[in-house]
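Chains as they are written, first to last, in my numbering: chain A, -12 to 132; chain B, 4 to 438. Working notes for the structure below.
Here it is, written out as structure tokens:
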């Protein structure tokens, strides 16, 4: 089973982060990522840049409204994620606990849906599968050129 | 409410114990290789190291529900195991000097987070030694698999038994015997000498691929695929490749298994029937997994040592993985890759696969000639794949009656019930002029 580790930090966490030695943060995260890779469990992961570079599309109104950050209402910002493949919820928890984060930060751990989680006869599930296949076909045609 | 004989206190205790048990299992899975490797370096004996680690786990089972899981559970288990080792040596009547010195050294570093547990380079080297010892040629293949899954993969005996559809007692017995064999043969805790390296590496990769295939092509049982078993093998393969990053075959094996595993969702119909490659719904292949396979294969290629057996197999699997349909697959390239594979390691199964590719690239008649040669050689007698492929080719040539006979023979030979049903269904569906 796959789990996504979603990293969030509140103001306190972000401030604490800014006071820390950047090289130290990079080194600690690097060691953590390396441990995931060496254990053969890491499938994907990315960090996100400052919220100032992002924006929000709000669907409360029609048409949706695009607002620049920072987001006044967000108590915790989404800063990055990992996807790991493990054999149990406990194993996912054990890996999450090892993440080098401090006060003001938290990891939300969610199981990634697998094909079996969806009703396979649903028309849209089938269509989505087709889109993915088409996208891949285009990609492989490109790489073959 | 009180249908259960145990009172609320006992149930709470049971729940705590269960939580602790699962937390310990998770820690074992993550840390077993490093714990056993660290302990082996001190005791000089894998079997003893594993016993000590097991005792430490029992201790954890007693302590963690009461005191909570320690911050660094792997270091805790290692420290407890080391203390046990010292106590054991102390108790010996004739404590020889070697053990006395060892006990002294261990005591000096006794604390919770003894430095060497966290020294990444030493640990990696030790884990690599452990991998080679677990797959040592003095052990039978079954023993290598059980020991590797147990100490390198961190699986419980129950999980290994479930993966291989054998009783738990059988697995336990295999592990006990393997540990005794290693001790009796005085197998050193070391990576192989250069002259043995290639062969020993082959043995490690074979063990992993056999585990993978137990999930991908179960030889027996009622399930056609068991993805959890293959996922374990993939985890081991990634781990081993990272321990020997300059071995193209290790990365190639990762690639091969990623490509094959990407097809899990498409290989079985909802009623459990296997679906052959050319009939699979390719939109259900796991694209992210295929991408990981391509990255691993590219990594192998970048090492610039050419492609050996797993590299060629991975390249073939990649041809399938990137083809939008069976018909649009680069079959000519696959034929060439199978030829290369056959030259490298002549094998009747490879030859049979080449025949399938030939059928797709130049037609069933030329493929049938390859298969007929194989049959005459007798090298695949009793192998269900031979009559299955021959039946398929005959059907495509319109020789229905012969085709049906071959498919029925294949059905008789296979040990997998799902495959048998699919072959019989195929045979029954063949109608038309008797060939």
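Every residue, glycine too, gets a C-beta built ideally from N, C-alpha and C.
Using the beta-carbon count (16 or more within 10 Å), is residue i buried or exposed?
{"i": "residue 21 of chain B", "result": "exposed"}
{"i": "residue 39 of chain A", "result": "exposed"}
{"i": "residue 118 of chain B", "result": "Unreliable placement is indicated for residue 118 of chain B, whose pLDDT of 45 sits below 50; the coordinate value is still reported in the next sentence. By the 10 Å Cβ count, residue 118 of chain B comes out exposed."}
{"i": "residue 248 of chain B", "result": "exposed"}
{"i": "residue 13 of chain A", "result": "exposed"}
{"i": "residue 54 of chain B", "result": "buried"}
{"i": "residue 153 of chain B", "result": "buried"}
{"i": "residue 167 of chain B", "result": "buried"}
{"i": "residue 69 of chain B", "result": "exposed"}
{"i": "residue 33 of chain A", "result": "exposed"}
{"i": "residue 50 of chain A", "result": "exposed"}
{"i": "residue 132 of chain A", "result": "The predicted model places residue 132 of chain A with a pLDDT of 38, which falls under 50 and marks its position as unreliable; any figure quoted below should be read in that light. When all chains shown are included, residue 132 of chain A counts as exposed."}
{"i": "residue 332 of chain B", "result": "buried"}
{"i": "residue 61 of chain B", "result": "exposed"}
{"i": "residue 11 of chain A", "result": "exposed"}
{"i": "residue 81 of chain B", "result": "buried"}
{"i": "residue 183 of chain B", "result": "exposed"}
If the criterion is Cβ atoms closer than 9 Å, does the pair residue i and residue j meet it?
{"i": "residue 80 of chain A", "j": "residue 29 of chain B", "result": "yes"}
{"i": "residue 329 of chain B", "j": "residue 263 of chain B", "result": "no"}
{"i": "residue 50 of chain B", "j": "residue 188 of chain B", "result": "no"}
{"i": "residue 428 of chain B", "j": "residue 276 of chain B", "result": "yes"}
{"i": "residue 129 of chain B", "j": "residue 44 of chain B", "result": "yes"}
{"i": "residue 127 of chain B", "j": "residue 246 of chain B", "result": "yes"}
{"i": "residue 93 of chain A", "j": "residue -5 of chain A", "result": "yes"}
{"i": "residue 91 of chain B", "j": "residue 37 of chain B", "result": "no"}
{"i": "residue 97 of chain A", "j": "residue -7 of chain A", "result": "yes"}
{"i": "residue 214 of chain B", "j": "residue 148 of chain B", "result": "yes"}
{"i": "residue 392 of chain B", "j": "residue 359 of chain B", "result": "yes"}
{"i": "residue 134 of chain B", "j": "residue 190 of chain B", "result": "no"}
{"i": "residue 433 of chain B", "j": "residue 410 of chain B", "result": "yes"}
{"i": "residue 194 of chain B", "j": "residue 93 of chain B", "result": "no"}
{"i": "residue 75 of chain A", "j": "residue 25 of chain B", "result": "yes"}
{"i": "residue 146 of chain B", "j": "residue 177 of chain B", "result": "yes"}
{"i": "residue 425 of chain B", "j": "residue 387 of chain B", "result": "no"}
Return no unless some Cβ of chain B is closer than 9 Å to the Cβ of residue i.
{"i": "residue 30 of chain A", "result": "yes"}
{"i": "residue 82 of chain A", "result": "yes"}
{"i": "residue -1 of chain A", "result": "no"}
{"i": "residue 26 of chain A", "result": "yes"}
{"i": "residue 78 of chain A", "result": "yes"}
{"i": "residue 72 of chain A", "result": "yes"}
{"i": "residue 48 of chain A", "result": "no"}
Measuring straight from C-alpha to C-alpha, what distance separates residue i and residue j?
{"i": "residue 157 of chain B", "j": "residue 45 of chain A", "result": "46 Å"}
{"i": "residue 405 of chain B", "j": "residue 355 of chain B", "result": "19 Å"}
{"i": "residue 52 of chain A", "j": "residue 34 of chain B", "result": "49 Å"}
{"i": "residue 272 of chain B", "j": "residue 279 of chain B", "result": "10 Å"}
{"i": "residue 420 of chain B", "j": "residue 170 of chain B", "result": "20 Å"}
{"i": "residue 251 of chain B", "j": "residue 175 of chain B", "result": "34 Å"}
{"i": "residue 88 of chain A", "j": "residue 205 of chain B", "result": "40 Å"}
{"i": "residue 67 of chain B", "j": "residue 85 of chain B", "result": "18 Å"}
{"i": "residue 40 of chain B", "j": "residue 230 of chain B", "result": "28 Å"}
{"i": "residue 79 of chain B", "j": "residue 95 of chain A", "result": "26 Å"}
{"i": "residue 47 of chain B", "j": "residue 389 of chain B", "result": "48 Å"}
{"i": "residue 52 of chain B", "j": "residue 71 of chain B", "result": "25 Å"}
{"i": "residue 83 of chain B", "j": "residue 377 of chain B", "result": "59 Å"}
{"i": "residue 125 of chain B", "j": "residue 242 of chain B", "result": "16 Å"}
{"i": "residue 28 of chain A", "j": "residue 0 of chain A", "result": "27 Å"}
{"i": "residue 283 of chain B", "j": "residue 269 of chain B", "result": "6 Å"}
{"i": "residue 343 of chain B", "j": "residue 380 of chain B", "result": "21 Å"}
{"i": "residue 88 of chain B", "j": "residue 63 of chain B", "result": "16 Å"}
Is there at least one Cβ from chain A nearer than 9 Å to residue i's Cβ?
{"i": "residue 246 of chain B", "result": "yes"}
{"i": "residue 238 of chain B", "result": "yes"}
{"i": "residue 337 of chain B", "result": "no"}
{"i": "residue 231 of chain B", "result": "yes"}
{"i": "residue 127 of chain B", "result": "yes"}
{"i": "residue 235 of chain B", "result": "yes"}
{"i": "residue 439 of chain B", "result": "Outside the shown range of chain B (4 to 438) lies residue 439 of chain B, about which nothing can therefore be said."}
{"i": "residue 134 of chain B", "result": "no"}
{"i": "residue 60 of chain B", "result": "no"}
{"i": "residue 241 of chain B", "result": "yes"}
{"i": "residue 298 of chain B", "result": "no"}
{"i": "residue 28 of chain B", "result": "yes"}
{"i": "residue 166 of chain B", "result": "no"}
Which chain D residues are close to residue i, counting only those with a beta carbon under 7 Å from its beta carbon?
{"i": "residue 32 of chain B", "result": "In the structure shown, chain D cannot be found, because the protein chains are A and B."}
Indicate whether the contact test is met: 3 or more Cβ pairs, each with one atom in the region 307 to 317 of chain B and one in the region 246 to 264 of chain B, closer than 8 Å.
yes
Between the region 282 to 290 of chain B and the region 337 to 353 of chain B, can you find at least three pairs of beta-carbon atoms closer than 8 Å?
Per the Cβ contact rule, the region 337 to 353 of chain B is not in contact with the region 282 to 290 of chain B (fewer than 3 Cβ pairs under 8 Å).
Any 3 or more C-beta pairs closer than 8 Å across the region 66 to 79 of chain A and the region 19 to 39 of chain A
In this structure the region 66 to 79 of chain A lies against the region 19 to 39 of chain A, because at least three pairs of beta carbons, one per stretch, are closer than 8 Å.
Cβ contact check for the region 392 to 401 of chain B and the region 360 to 377 of chain B: 3 or more pairs under 8 Å
By the Cβ criterion, the region 392 to 401 of chain B is in contact with the region 360 to 377 of chain B, since at least three pairs of Cβ atoms, one from each stretch, lie closer than 8 Å.
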